[in-house]
Each structure stands twice: as C-alpha cells, then as structure tokens.
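First the structure, in the form of structure tokens, and then the observations on it.
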DNA sequence: TGATTATCAACAAGTCATGCTAGCTAACAG
DNA sequence: CTGTTAGCTAGCATGACTTGTTGATAATCA
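Protein chains in written order, with my numbering: chain F, 511 to 650; chain C, 511 to 650.
Structural data, given as structure tokens:
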C-alpha cells in the first residue's frame, strides 16, 4: 500500500475528497500486519475519532480495494480481512488463535494435474493452516 | 466419498436413521464433480423428491462433513460448496462462469518464507483463478 | 463563497446458515 | 407388529456480515 501521503494525493487526483476519516483509515492501515476486518479497524478508528461510523470504514476500504491499494482476503472465517500488503504473497493462519501472517512462496507458478484443458490461470491463492508457536506453547 | 451403500451402512452403525431424503443426497453427491452449494443440491433434490426441505439438505451435508465424507470448500464466492472428493487436492476456479475443477499439485509440501518461527502447518489450500477454455472461447 | 461530496444516523435488505417449535411420519429394534 | 425415537416439514426467527437508502448536516476544494 502507498503511504498515507501518497494516498491523499491519489484520492485528490481521482476527485475524492480527503476527509479526516479517510486519512485516519490510511494511517491505521499503513504498515498494518494484523489483517484486520472492517469491524476491528472500526473499533480502533472509533477510539481515535469517536463518532466515525462503521459505514464509512466499509466505504473507504471498498475504495482502497477498488484502487488496488489493499488486498481483500477471505479466509472463510466469517468476515473479510484487509491486507495493505499488495505484493504477490500468501497466508499462514493459526487455526487456534486466528492470527494471520504474510508469507512468500518461491515455487510459483505451481504445476497441477487434472481434467482441465486450456485453463488460463491468472492468480493463485495459497492458505497454510496450522498452529502458531505461541499456541503450541500454550497448549503444551 | 464412500458409495451410497457404504454411507447407508455407516449411518446405521452410528445410530442415524437411513431415510429416503438422506439416501437421495448420498446418490446426488456420488461422483458429483460440480461442487454444488447446499442450495443447488436442494434444487436438484427437490425435482426428484418434491417436498424435501432445504433444512434437511443442510442438515445432511453437515453430517457428511462432520463424518469426513465430503469436503467443505469456501472459495469466498458467497456460499460454501461441497466436494465429495476428499483426496488431498486443490481447486481451479473460472472467474467468469464460476465453474470449479479439482486439481492435484505434486510440489507439496510447499516452502515459504516470512517472519514466522515455529509454525506447524497442518494443511494447505490452493485456489487457482483464471479463465476456463469455454469462457475464453466465448469471449474471443 | 459556493457547489459538490462525504459523513452520520437510522433503518432496511440481502445472503448464507442455523436454531427452534410443533405436529406428523417413518425408521429401526425388539 | 408395534412402540419408541428420530427425522421430516413448514414456518418463523436469529445471527453475522455487508451494502443500500434517505435526509440532514458538515466539510472539502475549486
């Protein structure tokens, strides 16, 4: 994701207004590795800006996602998560605590076998599930 | 997935009753490569057994899923899909028509890099997205 | 300043999935 | 064959997540 300053410029250029709410969300996402949901991002935002609405958070996230500045990740765990890391990367999810980490896989493109002729692959998403070190330690 | 006959035996052994509704669902899933949602499976079932309820379809699919006879697949496209193929396989999804194919990847386990120490990977899910031959042909 | 757009609040809707009730029916054990 | 039990259906409700709408207010930016 671009820096908050770059996003401000980009929003202005596209005719979007640069409001304090949007700027707050830019800052909260910048360097954020927590893969927040709209809801959790809203909770943090509301602490810094009481009165901000969940609707606005959803709205701004949609805009950022449409602009390709954040990645939309659906891990099948209910809510969609947002990732400011838009590199070509994949995810590691702890089944116990739900924490999500970004990981990089070098073996791509992957080869596969199956009854599929002429399919043009545009993207590959890989999700590794398991137990993180912290959870393994706590349950031991 | 086991054959309908084997499932009947398994259900009986577990104290579940073998009803015509359940047997119908067993048959509809047997060898099914369409990755149906509960809803689409219900539609087909209702043609053969008018009066069957969507609730019963969901219920039976949950039972089969809990018994490990079908795989629960969430492609982030709304509804959960069910796959009677319980081998270690992955999915190829056409972004245009939504068709899902089973594929096998030989390069597993995959290696990844990232800021993750001591994570124990239990499973890997890979989803390839792109355009199937039919859609490529239609749009050309 | 003035036009446009964003925001907020409140409410609604939609999708997917599941829970609950009540009454009827059917499966299975003995 | 019969009683017990489980499953089925219909209908209604709930819950999570997300988006749409409306109308009033406020802020942005040219």
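The beta carbon of each residue, even a glycine, is placed where N, CA and C say it ideally should be.
Close-in-space but distant-in-sequence residues of the same chain around residue i (CB under 6 Å, 5 per side omitted)
i	result
residue 556 (chain F)	562
residue 611 (chain F)	602
residue 614 (chain F)	599
Near the ligand ZN: residue i beta-carbon under 8 Å from a heavy atom
i	result
residue 593 (chain F)	Annotation note on the ligand ZN: not contained in the displayed structure, which lists no ligands.
Contacts around residue i, its chain only, beta-carbon distance under 7 Å, and the 5 residues preceding and following it disregarded
i	result
residue 521 (chain F)	528 and 532
residue 566 (chain C)	531
residue 552 (chain F)	564 and 567
CA nearest to the CA of residue i, picked from the options
i	options	result
residue 569 (chain C)	C:535, C:597 and C:540	C:535
residue 516 (chain F)	F:554, F:579, F:573 and F:560	F:579
residue 605 (chain F)	F:621, F:642 and F:623	F:642
residue 647 (chain C)	C:607, C:617, C:623 and C:615	C:607
residue 538 (chain F)	F:526, F:558 and F:523	F:558
residue 600 (chain F)	C:603, C:566, C:626 and C:576	C:626
residue 548 (chain C)	C:576, C:590, C:518 and C:598	C:590
residue 598 (chain F)	F:618, F:552 and F:584	F:618
residue 524 (chain F)	F:609, F:573, F:614 and F:582	F:573
Residue range of the beta strand (DSSP E) that includes residue i
i	result
residue 647 (chain F)	Run containing residue 647 (chain F): none in the beta strand (DSSP E); it sits in the alpha helix (DSSP H), 643-649.
residue 583 (chain C)	581-583
residue 602 (chain C)	600-604
Host alpha helix (DSSP H) of residue i (start-end)
i	result
residue 567 (chain F)	564-576
residue 596 (chain C)	Careful: residue 596 (chain C) lies outside any alpha helix (DSSP H) and carries neither H nor E.
residue 518 (chain C)	514-523
residue 613 (chain C)	Residue 613 (chain C) -> not in any alpha helix (DSSP H); beta strand (DSSP E) instead, spanning 610-613.
residue 548 (chain C)	548-558
residue 530 (chain C)	530-539
Close Cβ partners of residue i (< 8 Å) along its chain, the five nearest in sequence each way excluded
i	result
residue 512 (chain F)	520 and 579
Checklist entry - At a cut of 8 Å, does the stretch 626-642 of chain F reach the stretch 628-643 of chain C through at least three beta carbon pairs? => result yes
Item to check | Segment contact, 8 Å Cβ cut-off, at least three pairs: the stretch 539-554 of chain F with the stretch 592-610 of chain F | outcome: yes
Item to check | Positions along the stretch 562-577 of chain C whose CB lies within less than 9 Å of some CB in chain F | outcome: Among the residues of the stretch 562-577 of chain C, none has a Cβ less than 9 Å away from any Cβ of chain F.
Checklist entry - the stretch 595-615 of chain C: which residues have C-beta closer than 9 Å to a C-beta of chain F, in chain order? => result 599, 600, 602, 604, 605, 611, 612, 613, 614 and 615
Checklist entry - Relative to chain F, which residues along the stretch 625-645 of chain C have a C-beta separation below 8 Å, given in chain order? => result 625, 626, 627, 628, 629, 630, 631, 632, 633, 634, 635, 636, 637, 638, 639, 640, 641, 642 and 643
Checklist entry - Taking a cut of 9 Å between CB atoms, which residues from the stretch 524-540 of chain F lie near chain C? => result none
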